[in-house]
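Reading through the structure tokens given below for one structure.
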Amino acid sequence: MVNINDRESITDIPVEVCPYCSSNLLVKNGHRGNKQRFKCKVCHKTSTSSTGTSFHGLKKTDKFEEYRKLMFEQYLPIKVIAKKVGVSVQTAFDWRHKILSGLSDTAVEFKGITEIDDIWFLYSQKGRKGLQFSRERGGSKRQGDNKYQVKLLVTADRESNKDFSVAKIGRITKSDIARKVGGKFNKSCTLVSDKHRSISAFAKSENIEHVNFISSKHSAGGEFHVQNVNNMAARMKTIVNHQLRGVSTKYLQNYSNWFAQREATKSLLDKDLIIHQKMEQNNKAWGIFTNIEGSYKDFIVNQSERTYRCPTKRSWSSNLNNKKVVGGNAVAMLIFKLSTISLNRAKIVGDILQNKIQDEKTYFIVPILFFII
Ligand SMILES: [Zn+2]
């Protein structure tokens, strides 16, 4: 087995297109760490194989590796894992979502008998600042499809293909299913579900063989049941609602990625390497991570009857594809930068006045310096 701590053993995947402007006019341009660096002839930006991945802009690599390994051993509360690894709670929180943003599985293809079902989680705004209540009351007692229930579509075949997709707040329709898992079914597929009208309609529209049964019977006989997705759904509910004490709807897709990844790799000896490689190959991670608030806004506006409120403000050192980050405050950043420049000027001028002015000549340098710096 390859030891991933030995960085030499990890193959450095060549960068084929510029992660900033998608041009393929790249030339080799030295190294960053032990990775080949490339320079783009179009936008002149440099990149390595970690640009855009969960490892993008990472400083404490060793701690990050330790953190990532712990994440796939157990579901630890953020404060506990922060203490174990020796990083701040904010860093631990950011790392969790940087890692999970790199684990979104888009290239799934279901084969053979494929089970599908939906589960729901209570709508939550846990951790969101500026709200009167962090969780609106009354949701848990209501039955059926309503604006308190966030629906997650769980699809899994009998091999290792799994998809956990946060689809909607309220009742799932045929088009929600198509948007999330449409086009992911192989010709050999037989879809199994309970009698959900939207699933039947979806299967018909995609020409997928479909076997369904009345919920109370739990099976259509023989192999045609949804026990695997039901068991996974129950485990995920326990983890989210009890071990993690509820998660914010904003991050529910990331938590689903975490759970799906652990389910898919739990019995594999080299899971560590598999997860690491997956993260190295996903150069969409940084973009997903820095746009979590934007994706959440889209979800609330387009997939629910709710109102999007109290945007979270964060800004990032680098945004790929020039994507505007929701919540990034450009004016505040400009003022901050300007004030840093003036501070530097004052500091340097102060230093000169204090220590270095030994003869009269330096008096001329001070005002010149002030304008140059
Ligand atoms: Zn470029």
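Sequential numbering from 173 applies to the sequence shown in my numbering.
Glycine included, every Cβ here is placed at the ideal spot set by N, Cα and C.
On a CA-only basis, which of the options is nearest residue i? Give me that one, please.
i: Gly299; options: Ser487, Pro483 and Ser490; result: Pro483
i: Phe265; options: Tyr239, His228 and Gly284; result: Tyr239
i: Ile341; options: Lys301, Lys376, Arg330 and Phe293; result: Phe293
i: Ser296; options: Ser428, Gln321 and Pro191; result: Gln321
i: Thr362; options: Ile344, Gln399 and Asn384; result: Asn384
i: Arg369; options: Val257, Lys443 and Asp290; result: Asp290
i: Lys442; options: Lys241, Lys485 and Ser487; result: It is worth fixing the name first, because residue 442 is Asp in this sequence and not Lys. Residue Lys241 is the option with its Cα nearest to Asp442.
i: Lys211; options: Val199, Gly205, Ser222 and Leu416; result: Val199
i: Tyr468; options: Arg268, Asn426 and Arg417; result: Asn426
i: Glu331; options: Thr437, Lys323 and Thr345; result: Thr437
i: Cys190; options: Gly205, Ser222 and Asn206; result: Ser222
i: Ala457; options: Arg268, Ala405, Ile446 and Cys193; result: Arg268
i: Asn318; options: Arg343, Asn474 and Gln399; result: Arg343
i: Phe471; options: Ala254, Glu188, His390 and Val338; result: Val338
i: Asn403; options: Ala328, Trp488 and Thr345; result: Ala328
i: Gln475; options: Thr345, Cys193 and Pro186; result: Thr345
Measuring from the CB of residue i, is there a heavy atom of ligand 1 at a distance below 7 Å?
i: Lys217; result: yes
i: Ser160; result: Look at the range of the chain in this structure, 173 to 545, and you will see that residue 160 is not part of it.
i: Val383; result: no
i: Tyr480; result: no
i: Tyr192; result: yes
i: Val155; result: Not covered by the structure: residue 155. The range shown for the chain is 173 to 545.
i: Ser490; result: no
i: Ser221; result: no
i: Ser195; result: yes
So is residue i buried or exposed if we call it buried at 16+ other beta carbons inside 10 Å?
i: Tyr480; result: exposed
i: Lys496; result: A caution first: Lys496 carries a pLDDT of 41, below 50, which makes its placement in the model unreliable, though a value can still be read off. Exposed, since its Cβ has fewer than 16 Cβ neighbours within 10 Å.
i: His203; result: exposed
i: Ser439; result: exposed
i: Val252; result: exposed
i: Leu324; result: buried
i: Asn455; result: buried
i: Ala279; result: exposed
i: Ile386; result: exposed
i: Gln415; result: exposed
i: Asp366; result: buried
i: Ile262; result: First, the residue type needs correcting, since residue 262 is Gln and not Ile in the sequence shown. Its Cβ having fewer than 16 others within 10 Å, Gln262 is exposed.
i: Val326; result: buried
i: Lys301; result: exposed
i: Arg407; result: exposed
Taking only beta-carbon positions, decide if residue i is within less than 8 Å of chain B.
i: Ser337; result: Of the chains in the structure shown, none is chain B; there is only one protein chain.
Q. Would you say the region 411 to 418 touches the region 234 to 245, given that touching needs at least three Cβ pairs under 8 Å?
A. no
Q | Contact the region 458 to 474 vs the region 422 to 440: 3+ CB pairs below 8 Å | A | yes
Q) At a cut of 8 Å, does the region 276 to 291 reach the region 350 to 359 through at least three beta carbon pairs? A) yes
Q. Is the region 348 to 355 close to the region 371 to 383, with three or more CB pairs under 8 Å?
A. yes
Q: Tell me the start and end of each unbroken alpha helix (DSSP H) in the region 376 to 438 that is at least 4 residues and wholly inside, in chain order.
A: 399 to 410 and 424 to 437
Q.
Could you check whether the region 271 to 279 touches the region 219 to 227, counting it as contact only if at least three pairs of C-beta atoms, one from each stretch, sit closer than 8 Å?
A. yes
(Q) Can you confirm whether the region 445 to 454 touches the region 208 to 217 when touching is taken to mean that 3 or more C-beta pairs between the two stretches lie within less than 8 Å? (A) no
(Q) Report the start-end ranges of each beta strand (DSSP E) in the region 193 to 260 that is 3 residues or longer and not cut off at the edges. (A) 198 to 204 and 207 to 212
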